[in-house]
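Report on one structure; see the data block that follows.
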Amino acid sequence: MTEETNNKNKFYSFVEANHASYAICDQTKCSTCEGTGKLRSQEAMNFYSVKKCHCQNFRNRLSTLTNAEIPGRFHDCDFENYHPKHDSQELAKKKSINLSKNILSAKKGLIFIGNPGLGKTHLAISLLKSCVLNHDISGIFLDFSNLLSSIRDGFSKNRSERDVFDKILNYRLIVIDELGKGRQDTNWEWGRSVLDDLISQIYNAGNIIPIFTTNYLLDREKEDFFLGPRIGLRSFSRVQEMCDLVSLNGLDDRQKNIPNRSKYMMV
Ligand SMILES: [Zn+2]
Numbered sequence: 025m026t027e028e029t030n031n032k033n034k035f036y037s038f039v040e041a042n043h044a045s046y047a048i049c050d051q052t053k054c055s056t057c058e059g060t061g062k063l064r065s066q067e068a069m070n071f072y073s074v075k076k077c078h079c080q081n082f083r084n085r086l087s088t089l090t091n092a093e094i095p096g097r098f099h100d101c102d103f104e105n106y107h108p109k110h111d112s113q114e115l116a117k118k119k120s121i122n123l124s125k126n127i128l129s130a131k132k133g134l135i136f137i138g139n140p141g142l143g144k145t146h147l148a149i150s151l152l153k154s155c156v157l158n159h160d161i162s163g164i165f166l167d168f169s170n171l172l173s174s175i176r177d178g179f180s181k182n183r184s185e186r187d188v189f190d191k192i193l194n195y196r197l198i199v200i201d202e203l204g205k206g207r208q209d210t211n212w213e214w215g216r217s218v219l220d221d222l223i224s225q226i227y228n229a230g231n232i233i234p235i236f237t238t239n240y241l242l243d244r245e246k247e248d249f250f251l252g253p254r255i256g257l258r259s260f261s262r263v264q265e266m267c268d269l270v271s272l273n274g275l276d277d278r279q280k281n282i283p284n285r286s287k288y289m290m291v
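When we follow my numbering, the leftmost residue of the sequence shown carries the number 25, and every step to the right adds one.
Written out as structure tokens, the structure reads:
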């Protein structure tokens, strides 16, 4: 039994306030402490010391995972329930598992590129989950539009953008989903400059592993789908320096059951 499967039998997930929550199964009774979480040992006559049992580490990891702000709809995503239907998806899964196994010595993150519905977010979350549960890494899933809202809210409370960033930059692994998404409205330039600042901070920190997903492309072949101008050329260059590319091709899994819909395949 792999560590992954072994862990999976010990906890369950549910959705609370739109985010994924994780808790230990009640029936998982630790044989060392018999479920009390404490170990008592006799040090001398009438003198006992109490230590935390190792099973509490797993409880702490579940709480780290709950604090990772994984969106509710992805609460049960993991590598085991990602079923590739295309060679590129198989390879993407392998690369993700490989990074999760070697996260403690990793120097680079990943950028998942491909059309919607190919499981980019599923893989990014599975990776985050595996790193937290198996390696006790702290991680966060960033919804960029929520991040902009909290920065905006912070302004009215005299909190700066830097205050919001400081919290984020304490994480060892940061998932930024749908990089480059957004309408080019009046807030566009401001949003792009916040993203540029954040990517700079991640880049300068040097010990943060970033994971990005995007529907845009890294080459200029299709100008409208080119990621560069969406995030600014400086960020674009840094993202490529910090991440290995994982490209997904195939059919949109969410649209497969809709009849008579023409399917666009990215090549
Ligand atoms: Zn125990």
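Yeah, the Cβ is synthetic: ideal placement off N, Cα and C, and Gly gets one too. All values derive from a computational prediction rather than experimental measurement.
Which same chain residues end up closer than 7 Å to C155 when comparing Cβ atoms and leaving out the 5 residues on each side of it in sequence? S124, I127, I161, G163 and L197
Kindly list the residues whose CB is nearer than 7 Å to the CB of R83, restricted to its own chain and excluding five residues on each side of it in sequence; keep chain order. I48
Spatial neighbours of C267 within its chain, please: C-beta separation below 7 Å, excluding the five flanking residues on both sides. K132, G133, L134, I135, P234 and F236
Find out if the Cβ-Cβ distance for the pair I149, F165 is shorter than 8 Å. yes
4-residue-minimum alpha helix (DSSP H) runs that sit fully inside the region 133-194, ordered along the chain: 144-159, 168-180 and 185-192
Using beta-carbon positions only, say whether L242 and L269 come within less than 8 Å of one another. yes
Taking the runs of the alpha helix (DSSP H) that are 4 residues or longer, which of them lie wholly in the region 218-262? 251-255
Following the continuous beta strand (DSSP E) through Q66, name the residue where it begins and the one where it ends. K62 to A68
With a threshold of 16 other CB atoms inside 10 Å of the CB of T60, please say whether the residue is buried or exposed. exposed
Taking all protein chains shown into account, decide if R258 is buried (16 or more other Cβ within 10 angstroms of its Cβ) or exposed. exposed
Are R254 and G204 closer than 8 Å when you measure CB to CB? yes
Cβ separation of F168 and L219, assumed to be a contact under 8 Å, to the nearest whole Å: 7 Å
Relative to the C-alpha of A41, which residue among Q66, E213 and N91 is closest? N91
CA-to-CA distance, Q66 to N81, given in whole angstroms: 23 Å
Burial state of K144 (16 or more Cβ within 10 Å): buried
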